[in-house]
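> Would you mind keeping the following structure in view while I ask a few things?
Numbering (my numbering), first residue to last: 64 to 437.
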C-alpha cells in the first residue's frame, strides 16, 4: 500500500496489497525477519510505516545498552526499527568469536558509516561465517559502502547483501561492484600503483534499491554481471540510472542477457518523469521509446514484456543454441562507445551468453518469481 501511494496509485481501503513480481529468498533471508515471521506475510513488501505507523510509536534502546554479546551466542541477530546507532556497537570489537552467527538483520536503524565500520570489522576479526547481512535504511554513505567492499574478501561465506534506502552514491556503489566482480582498479584509481589481481567473490544477491549509483555505477555493475559466475540477483531500482542518458541502463540489460548466472535484474523507477505542476523530478519507468528498443532487442520468449515495461528482467528460461549466435540487437559495449570514447566495455573478453540450461536454485539460494493469477 505504501509503494502504491508512492507511485500515485489509489487502492481501496480493504484491497489487499499488490504482490511483488518476485520473491528474493536467497540464503533464506526472509525467514530471518521477525516482522515477516510474526505477520506471516511472505509475498508482500513490509515497510517501516507498516511496523511503526506513528512516530509516537517508535521504540528505541538507550545508547548505553550494549548489544555486542548477542553476536557471540546467536545464530541470527534480528534487531530492526530500534533506532540503533554506532554507540550500540562500540564494544562489538571485543567479541572475539561468533561461532554460530549466520544472519544479521539491522534494517531501519541509524548505524551510519561509523556503525557499519564497527559491524564489519568485528565480523572480519571474529572470522564470522555470516551468510547474509541486511543494513537497509541506516544512513550509510560512500565511506560505509567502501568499508563493506573492503571487508567482503575476508568474509568468504557472505553471499547476500541488503543495502536498500541508504545514501550510497557512485563511489560507494562502484567500490562494492569492483569487490564483488573482482575488478582491479585502473592505474588512475589506484594512484599509479600496479593493480593487484582479483577474482570474483561468490556473492549471490545484492540489493541496492533506493541509492544513487547513477550512470557511473550502472556502467561498473554492467561489467560485473556480464561475466560474474554466481550473481543471481541484483536490484538497482530507484538509483537514478537514467537521469542523463539511457545508454548505461541499456548496457545493464544487455549484460544481464549475456550473463550465465543472473536470474533477476530489477531496474524500476530510474528515469525522470516530467509531471506538470510538480517541482523537481520524480522517477518512473523507462520512456516508451526505450521500452520499444528493449522489446525489439531482447531474446524472444526469455523475458515477460509486462515486466520489461516496468524495468524488471526475470529470466523465465534461456534460449537454446551455443554461444551468442542467436542473440540479436545491441551488444553490451555499444552504448558506452556512443556515450564516450573513454568508457570501459562491460563485456570484457566476451562472457557467456547463457546458451545452456538454467541453473536450478538450491535451498540456500532460492529466488523465484511470484505466481501470476489465482
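For glycine and all other residues, C-beta sits at the position ideal for the given N, C-alpha and C.
Take residue 262 as the anchor and find which of 336, 225, 219 has the nearest alpha-carbon.
Residue numbering aside, residue 262 sits at position 199 when the chain shown is read from its first letter. The shortest C-alpha separation from residue 262 is found at 219.
> Quick one: which unbroken beta strand (DSSP E) runs of 3-plus residues sit fully inside the region 200-275? Chain order, please.
With a minimum length of 3 residues, the continuous beta strand (DSSP E) runs that stay inside the region 200-275 are 223-225, 268-270.
> Under the three-state reduction of DSSP, which class applies to residue 194: helix, strand or coil?
Numbered from its first residue, the chain shown carries residue 194 at position 131. Coil at residue 194, not helix or strand.
> Alpha carbon to alpha carbon, what distance is there between residue 169 and residue 144?
Position 81 of the chain shown holds residue 144. Position 106 of the chain shown holds residue 169. When rounded, the distance between both Cα atoms is 8 Å.
> For the putative contact between residue 185 and residue 155, defined by C-beta atoms under 8 Å, what is the C-beta separation to the nearest angstrom?
Your numbering for residue 185 matches position 122 in the chain shown. Your numbering for residue 155 matches position 92 in the chain shown. About 4 Å; that satisfies the 8 Å criterion.
> Grab me the residues of residue 349's own chain with a C-beta within less than 6 Å of its C-beta, minus the 5 sequence neighbours each way, in chain order.
Mapped onto the chain shown, residue 349 falls at position 286. So the list reads 334, 374, once near-sequence residues are dropped.
> Residues in its own chain within less than 8 Å of residue 342 by CB, not counting five upstream and five downstream?
Taking the first residue of the chain shown as 1, we reach residue 342 at position 279. Unreliable positioning characterises residue 342 in this predicted model, as indicated by a pLDDT of 49, which lies under 50. A coordinate reading is not provided.
> Counting pairs of beta carbons, one from the region 171-185 and one from the region 237-248, are three or more of them closer than 8 Å?
Contact between the region 171-185 and the region 237-248 is absent, because fewer than three Cβ pairs lie under 8 Å.
> With a 10 Å radius around its C-beta and 16 neighbouring C-beta atoms as the bar for buried, classify residue 379 as buried or exposed.
By 1-based counting over the chain shown, the position of residue 379 is 316. It is exposed - the Cβ of residue 379 has fewer than 16 other Cβ atoms within 10 Å.
> Taking the beta strand (DSSP E) that residue 87 falls in, what are its first and last residues?
Counted from its first residue, the chain shown places residue 87 at position 24. That run of the beta strand (DSSP E) goes 85-89.
> Using three-state DSSP, classify residue 386 as helix, strand or coil.
By 1-based counting over the chain shown, the position of residue 386 is 323. Any reading at residue 386 is ruled out, since the residue's pLDDT is 39, under 50, leaving its predicted position unreliable.
> What did DSSP end up calling residue 290 once you bin it into helix, strand or coil?
Counting from one through the chain shown, the residue named residue 290 turns up at place 227. Helix at residue 290.
> Would you list the residues sitting across from residue 346 in a DSSP beta bridge?
Along the chain shown, read from residue 1 onward, the residue named residue 346 stands at position 283. DSSP output for residue 346 lists 335 as bridge partner(s).
> What span of residues does the alpha helix (DSSP H) with residue 320 cover, start to end?
Reading the chain shown from its first residue, position 257 is the one you call residue 320. From DSSP, the alpha helix (DSSP H) with residue 320 extends over 310-321.
> Among 216, 203, 234, 233, whose alpha-carbon lies nearest the alpha-carbon of residue 225?
Position 162 of the chain shown holds residue 225. For residue 225, the nearest C-alpha among the options comes from 203.
> Does residue 280 come out as helix, strand or coil in the three-state DSSP assignment?
Along the chain shown, read from residue 1 onward, the residue named residue 280 stands at position 217. Looking at residue 280 - three-state DSSP - the assignment turns out to be helix.
> Between 94, 367, 158, 294, which lies nearest to residue 131 when the distance is taken from Cα to Cα?
Walking along the chain shown from the start, residue 131 turns up at place 68. If we check each option's Cα against that of residue 131, 158 comes out closest.
> Please report the straight-line C-alpha distance between residue 238 and residue 367, rounded to a whole angstrom.
Within the chain shown, residue 238 is the residue found at index 175, counting from 1. Within the chain shown, residue 367 is the residue found at index 304, counting from 1. C-alpha separation (whole angstroms): 32 Å.
> To the nearest angstrom, how far is the alpha carbon of residue 395 from that of residue 271?
By one-based count along the chain shown, residue 395 stands at place 332. By one-based count along the chain shown, residue 271 stands at place 208. Because residue 395 sits at a pLDDT of 47, beneath the cut-off of 50, its placement in the model cannot be relied upon, and the following sentence gives the value as read from the coordinates. Near 22 Å, if we compare the C-alpha coordinates of residue 271 and residue 395.
> For my contact list, residue 166 and residue 95 are in at a C-beta cut-off of 8 Å; report their separation, rounded to the angstrom.
Here residue 166 refers to the residue found at position 103 when the chain shown is read from its first residue. Here residue 95 refers to the residue found at position 32 when the chain shown is read from its first residue. Contact flag correct, Cβ pair sits at about 4 Å.
> Would you mind reading off the limits of the beta strand (DSSP E) that contains residue 297?
Within the chain shown, residue 297 is the residue found at index 234, counting from 1. Its beta strand (DSSP E) spans residues 296-298.
> CA-CA distance, residue 65 and residue 308?
As a first step, residue 65 must be located in the chain shown, where it is residue number 2. As a first step, residue 308 must be located in the chain shown, where it is residue number 245. For residue 65, the pLDDT reaches just 47, beneath the cut-off of 50, and the residue's location in the model is therefore unreliable, although a value from the coordinates is still provided. C-alpha separation (whole angstroms): 29 Å.
> May I ask you to list the residues that DSSP assigns as paired with residue 377?
As a position in the chain shown, residue 377 is number 314, starting the count at 1. DSSP, once it has assigned bridges, lists 327 as partnering residue 377.
> Restricting to Cα atoms, I'd like to know which of 347, 361, 274, 291 is closest to residue 313.
As a first step, residue 313 must be located in the chain shown, where it is residue number 250. Nearest C-alpha to residue 313: 361.
> Cβ atoms of residue 276 and residue 246: under 8 Å apart, would you say?
Start at 1 with the first residue of the chain shown, and residue 246 comes out as number 183. Start at 1 with the first residue of the chain shown, and residue 276 comes out as number 213. Going by C-beta atoms, residue 246 is not nearer than 8 Å to residue 276.
> Please state if the CB of residue 216 and the CB of residue 174 are separated by a distance shorter than 8 Å.
Stepping through the chain shown from its first residue, residue 174 is reached at position 111. Stepping through the chain shown from its first residue, residue 216 is reached at position 153. Against a cut-off of 8 Å, the Cβ pair of residue 216 and residue 174 comes out as no contact.
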